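Visitor: Sharing a structure below in structure tokens format, with a few things to ask.
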Amino acid sequence: MLQSLAGSSCVRLVEQHRSAWCFALLVLGYLLYLVFGAVVFSSVELPYEDLLRQELGKLKQRFLEEHACLSEQQLEQFLLRVLEASNYGVSVLSNASGNWNWDFTSSLFFASTVLSTTGYGHTVPLSDGGKAFCIIYSVIGIPFTLLFLTAVVQRIIVYVTRRPVLYFHIRWGFSKQIVAIIHAVVLGFITVSCFFFIPAAIFSVLEEDWNFLESFYFCFISLSTIGLGDYVPGEGYNQKFRELYKIGITCYLLLGLIAMLVVLETFCELHELKKFRKLFYVKKDKEEDQVNIMEHDQLSFSSISDQAASMKDDQKANEPFVTSQSPTSNDSSLNN
Numbered sequence: 001m002l003q004s005l006a007g008s009s010c011v012r013l014v015e016q017h018r019s020a021w022c023f024a025l026l027v028l029g030y031l032l033y034l035v036f037g038a039v040v041f042s043s044v045e046l047p048y049e050d051l052l053r054q055e056l057g058k059l060k061q062r063f064l065e066e067h068a069c070l071s072e073q074q075l076e077q078f079l080l081r082v083l084e085a086s087n088y089g090v091s092v093l094s095n096a097s098g099n100w101n102w103d104f105t106s107s108l109f110f111a112s113t114v115l116s117t118t119g120y121g122h123t124v125p126l127s128d129g130g131k132a133f134c135i136i137y138s139v140i141g142i143p144f145t146l147l148f149l150t151a152v153v154q155r156i157i158v159y160v161t162r163r164p165v166l167y168f169h170i171r172w173g174f175s176k177q178i179v180a181i182i183h184a185v186v187l188g189f190i191t192v193s194c195f196f197f198i199p200a201a202i203f204s205v206l207e208e209d210w211n212f213l214e215s216f217y218f219c220f221i222s223l224s225t226i227g228l229g230d231y232v233p234g235e236g237y238n239q240k241f242r243e244l245y246k247i248g249i250t251c252y253l254l255l256g257l258i259a260m261l262v263v264l265e266t267f268c269e270l271h272e273l274k275k276f277r278k279l280f281y282v283k284k285d286k287e288e289d290q291v292n293i294m295e296h297d298q299l300s301f302s303s304i305s306d307q308a309a310s311m312k313d314d315q316k317a318n319e320p321f322v323t324s325q326s327p328t329s330n331d332s333s334l335n336n
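For the sequence shown, position 271 matches number 271 in full-length UniProt numbering, and the numbering has no gaps at all.
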């Protein structure tokens, strides 16, 4: 008897705080996912880093042995300056001296990566004025970009997602949920093909040092706005049509970002995902619901009264003009 009462009370407690328990599991799952990623990256990349450090150490020692007139301190100062310049996108290599990082097309590409929060990091402002302008430009431009992308995506999704789903649902009588799922999968496949596989094949041809995997990696890192910066197109030595190539990449990033947002919005509108997201949301109180209902009723009542008043005004305006007698004249006529 006591065990059944305790079990029912526990079930009731869990049901009352279901959203909180789901949110706690979500936080725990996210932290575990972070730890899992750290463990995998560390186990995979740490041996390669160790090999690279050993190789660089051997090269440095061999260089000092072959050039006895150069001290280790002088070499360290030279390498430090070279690495600092490399962090600003300036290379000391002779085969990279022909590319400028701040011509118009490169600056346009930089502005697009800043506003889209991709930020490859291969080119950064050198001057204090450039750093200050980048802050002001980003503070205004990033919300402006979000507004622009939101407006574009909301317009596109009407013609790409909502109308096709309603067409198949109304015209052919299919279930709306099933049509929405199939449509989301097909749209995702088309987007991945047009903005990942095909561009990856193109980049693997245009970039001499990139294979297909590296090109696909660049496309994913760019369109997901991660922007690690280890692969940046158009930075090769004597790149043909470099200005036009940079403009084309800028257009590709903007269009690809819009396509990704359309796909994400399409999947977010699925009924199953909406139900799944509600598991982690805070439920509204009954008082808030009543306030919302009262506000909605007041708004609807005021709109109805406004519509009735406007209809009366329209009727008065459409009636023929009739001269009305003053009350004084009516009283005088009655007295007579």
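We put the CB at the ideal spot given by N, CA and C, even for glycine.
Note that the coordinates shown come from a computational prediction; the quantities given were computed from them, not determined experimentally.
#1: Enumerate in chain order the residues of its own chain whose CB-to-CB distance from V160 is below 8 Å, with the five nearest sequence positions on each side excluded.
#2: Taking DSSP as the reference, what is the three-state secondary structure of P164?
#3: Closest by CA to I198, which one among F148, E76 and S215?
#4: State the DSSP-derived secondary structure class of G141, mapped to helix, strand or coil.
#5: Taking 8 Å as the cut-off, decide whether the C-beta atoms of Y120 and V232 are in contact.
#6: Considering only their Cβ atoms, is the gap separating C134 from P143 smaller than 8 Å?
#7: Please classify N336 as buried or exposed, where buried requires at least 16 neighbouring CB atoms within 10 angstroms.
#8: In the DSSP assignment, find the alpha helix (DSSP H) that holds P47 and state where it starts and stops.
#9: Give a yes or no on contact between the stretch 215-225 and the stretch 78-88, applying the rule of three or more CB pairs nearer than 8 Å.
#10: Rounded to whole angstroms, what's the CA-CA distance from Q239 to F41? Just pull it up for me.
#11: Within 10 angstroms of its Cβ, does S106 collect 16 or more other Cβ (buried), or is it exposed?
#12: Three-state secondary structure (DSSP) at H122?
#13: Could you give the C-beta distance for T225 and T117, rounded to a whole number, given that I count them as a contact under 8 Å?
#14: Count the other CB atoms, across all protein chains shown, that sit within 10 Å of the CB of F212; report buried if there are 16 or more and exposed otherwise.
#15: For G256 and C194, I'd like the C-alpha separation in whole angstroms.
#16: Determine whether the beta carbon atoms of H270 and I181 lie at a separation below 8 Å.
#17: To the nearest angstrom, how far is it from the Cα of G248 to the Cα of F110?
#18: Just the Cα atoms here: how many angstroms apart are H122 and A200?
#19: Run through DSSP, which three-state label would Q239 get?
#20: Assuming L56 and L64 form a contact by the criterion Cβ under 8 Å, report the distance between their Cβ atoms to the nearest whole angstrom.
#21: Below 8 Å on the Cβ atoms is my guess for T113 versus G227; work out the distance and round it to an integer in Å.
#22: Would you check if the distance between the CB atom of residue 340 and the CB atom of S19 is smaller than 8 Å?
#23: What's the C-alpha gap between K60 and V44?
#24: Can you say whether A308 is buried or exposed, counting buried as having 16 or more other CB atoms within 10 angstroms of its CB?
#25: Go to F216, then tell me how far its alpha helix (DSSP H) extends in each direction, as first and last residue.
#26: Whole angstroms are fine: how far does the CA of L108 sit from the CA of V139?
#27: Suppose the cutoff is 8 Å on Cβ atoms and the five residues either side in sequence are ignored; what does the same chain contact list for H17 look like?
#28: Tell me the residue span of the alpha helix (DSSP H) that contains G188.
Guide: On the basis of the coordinates in this document:
#1: The answer, listed in chain order, is L187, V262 and T266.
#2: helix
#3: S215
#4: helix
#5: yes
#6: no
#7: Residue confidence for N336 is low, a pLDDT of 37 falling below 50, so the modelled location carries little weight and cannot support an answer.
#8: R18 to E66
#9: no
#10: 33 Å
#11: buried
#12: coil
#13: Contact between T225 and T117 holds: CB atoms are separated by about 5 Å, below the 8 Å threshold.
#14: exposed
#15: 9 Å
#16: It is Leu, not His, that sits at residue 270 in the sequence shown. Yes, the Cβ-Cβ distance between L270 and I181 is below 8 Å.
#17: Rounded to whole angstroms, the separation of the alpha carbons of F110 and G248 is 13 Å.
#18: 20 Å
#19: Q239 falls in the coil class under three-state DSSP.
#20: Between L64 and L56 the Cβ distance is about 13 Å, and since that is not below 8 Å, they are no contact.
#21: 7 Å
#22: Coverage of the chain is limited to positions 1 through 336, which leaves residue 340 absent and any answer about it impossible.
#23: 26 Å
#24: At A308, the pLDDT of 49 sits below 50, so the modelled position is not reliable; the number obtained from the coordinates is stated separately. By the neighbour-count rule (16 or more Cβ atoms within 10 Å), A308 is not buried but exposed.
#25: Residues F212 to L223.
#26: 17 Å
#27: none
#28: K176 to V192
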